[in-house]
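Residue 365 in our numbering sits at position 20 of the sequence shown; the count goes up by one each step and never skips.
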Amino acid sequence: MDEFAYPLPIGVICALLGVPEADREAFRGWTVDFAAVLEPEISEAELAVADRGAVALRDYFRDLVEARRRAPADDLTTALVQAHDAEAGRLTGDELLANLVILLAAGFETTTNLLGNGLVVLLRHPRHAAALRDDPAFAGEYVEELLRIDSPVQVTSRKATVPVTPGGVPVPAGGRVLLLLGAGNRDPERFAEPGRFDPTRPHNQPLSFGGGPHYCLGAALARLEAQVAFPLLLRELPGLALAGEPRHRTRLTLRGYATLPMTVNADRHRRVVVPVPAGERGTPTGAGSGTP
346 MDEFAYPLPI
356 GVICALLGVP
366 EADREAFRGW
376 TVDFAAVLEP
386 EISEAELAVA
396 DRGAVALRDY
406 FRDLVEARRR
416 APADDLTTAL
426 VQAHDAEAGR
436 LTGDELLANL
446 VILLAAGFET
456 TTNLLGNGLV
466 VLLRHPRHAA
476 ALRDDPAFAG
486 EYVEELLRID
496 SPVQVTSRKA
506 TVPVTPGGVP
516 VPAGGRVLLL
526 LGAGNRDPER
536 FAEPGRFDPT
546 RPHNQPLSFG
556 GGPHYCLGAA
566 LARLEAQVAF
576 PLLLRELPGL
586 ALAGEPRHRT
596 RLTLRGYATL
606 PMTVNADRHR
616 RVVVPVPAGE
626 RGTPTGAGSG
636 TP
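Take a look at the structure:
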């Protein structure tokens, strides 16, 4: 996790926002602390840690916003600052800072878990991993199925604006509904043989990033990073293998690994440049079976 799943997404989102490389390790810690607020229940101590992370992020972005006002750069922070200043009243200063914090969190945590979870699934299905390595044009289908079978986000909630009765259970206006996204991704009425990893599933639309107006802000970026990263990693390190049992983090909402030990067979190591996935979609070579 420390060598792959954490550095890649934090590096990408920080580069987009214009955060200097020297500050990115601190950003990782603050974001991990802040993400605890996504859990359905957290202790007072965890809430205090999350609050400190949020304050640190807000204070950092406040300084970055002022720096970009003085010296604009080619980054997303500058674009948001210029949009804010050009349309006075549309976005308050606090809302600008909040959006920058959410952009950072959305572009980091979900992607980290997708990369870790997805890599384990691929290594446990070597025939599929080989097919993806050999033909990265089908990375989109693989990523959708990886999102479905081991969702990086397991739980979300919604507040009812009017009385509703989902599944025969009455929910009053103002009531909250906890949605189990991971369970929905394995609903046998929607997905045939839901426990089977099958990148060829037709009309595969996992719930991992939610839906509606509150669809995950970082979904497109997470998908793109995974579509590029998985084929590249598999081709650069063909001897990559699990080294023991991975250990999950003790979280409900964000499902991912705390540790993910790997080994690389040096005799099989080779370096290959892989293009960004593109081209016609079709049936991945060797896909369609849940067995290695």
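Glycine included, C-beta positions come from ideal geometry on N, C-alpha and C.
Going along the chain, which residues of its own chain have a beta-carbon closer than 6 angstroms to the beta-carbon of residue i, five neighbours each way excluded?
i, result
"Ala-639", "As displayed, the chain neither begins before 346 nor continues past 637, which places residue 639 out of reach and without an answer."
"Leu-361", "Leu-421"
"Pro-533", "Pro-539"
"Thr-423", "Arg-413 and Pro-417"
"Ala-401", "Trp-375"
"Gly-555", "Thr-501 and Cys-561"
"Val-288", "Residue 288 falls outside the range modelled here, since the chain spans only 346 to 637, and no answer is possible."
In angstroms with no decimal places, state the Cα-to-Cα distance between residue i and residue j.
i, j, result
"Leu-578", "Leu-523", "36 angstroms"
"Glu-411", "Ala-367", "19 angstroms"
"Gly-527", "His-593", "15 angstroms"
"Gly-463", "Val-364", "27 angstroms"
"Arg-615", "Leu-467", "For Arg-615, the predicted model reports a pLDDT of 47, less than 50, meaning its position is unreliable and no value from the coordinates is stated."
"Glu-389", "Arg-600", "22 angstroms"
"Ala-381", "Asp-439", "21 angstroms"
"Thr-501", "Ala-418", "35 angstroms"
"Pro-352", "Gly-529", "30 angstroms"
"Glu-348", "Gly-584", "16 angstroms"
"Gly-512", "Arg-541", "26 angstroms"
"Arg-403", "Thr-457", "22 angstroms"
"His-473", "Pro-497", "20 angstroms"
"Arg-535", "Asp-480", "28 angstroms"
Need the endpoints of the alpha helix (DSSP H) that residue i sits in, please.
i, result
"Thr-455", "454-469"
"Tyr-405", "389-415"
"Gly-371", "It is worth fixing the name first, because residue 371 is Ala in this sequence and not Gly. Its alpha helix (DSSP H) spans residues 369-379."
"Val-488", "484-494"
"Val-426", "421-431"
"Met-579", "Just to set this straight, residue 579 is Leu in the shown sequence, not Met. 564-581 is the extent of the alpha helix (DSSP H) around Leu-579."
"Leu-448", "438-451"
"Leu-552", "No alpha helix (DSSP H) holds Leu-552; DSSP gives it neither H nor E."
"Val-509", "Unbroken run through Val-509: none, as it is neither H nor E."
"Leu-361", "352-362"
Beta carbon of residue i, beta carbon of residue j: below 9 angstroms?
i, j, result
"Gly-452", "Ala-350", "no"
"Glu-432", "Thr-376", "no"
"Ile-358", "Leu-449", "yes"
"Pro-591", "Leu-605", "yes"
"His-559", "Arg-469", "no"
Return the chain-ordered list of same chain residues with a C-beta closer than 7 angstroms to the C-beta of residue i, the five sequence neighbours on each side being excluded.
i, result
"Leu-436", "His-429"
"Arg-596", "Glu-384"
"Arg-407", "Leu-442"
"Leu-392", "none"
"Arg-397", "Asp-378"
Taking residue i as part of the beta strand (DSSP E), name the residues at either end of that continuous run.
i, result
"Arg-521", "521-525"
"Thr-501", "500-504"
"Ala-586", "585-587"
"Thr-608", "607-609"
Does residue i come within less than 9 angstroms of chain C when only Cβ atoms are used?
i, result
"Phe-379", "Of the chains in the structure shown, none is chain C; there is only one protein chain."
Got a sec? Which residues, its chain only, sit under 8 angstroms from residue i by beta carbon, not counting five neighbours each side?
i, result
"Ala-505", "Val-516, Pro-517, Ala-518, Gly-519, Gly-520, Arg-521 and Val-522"
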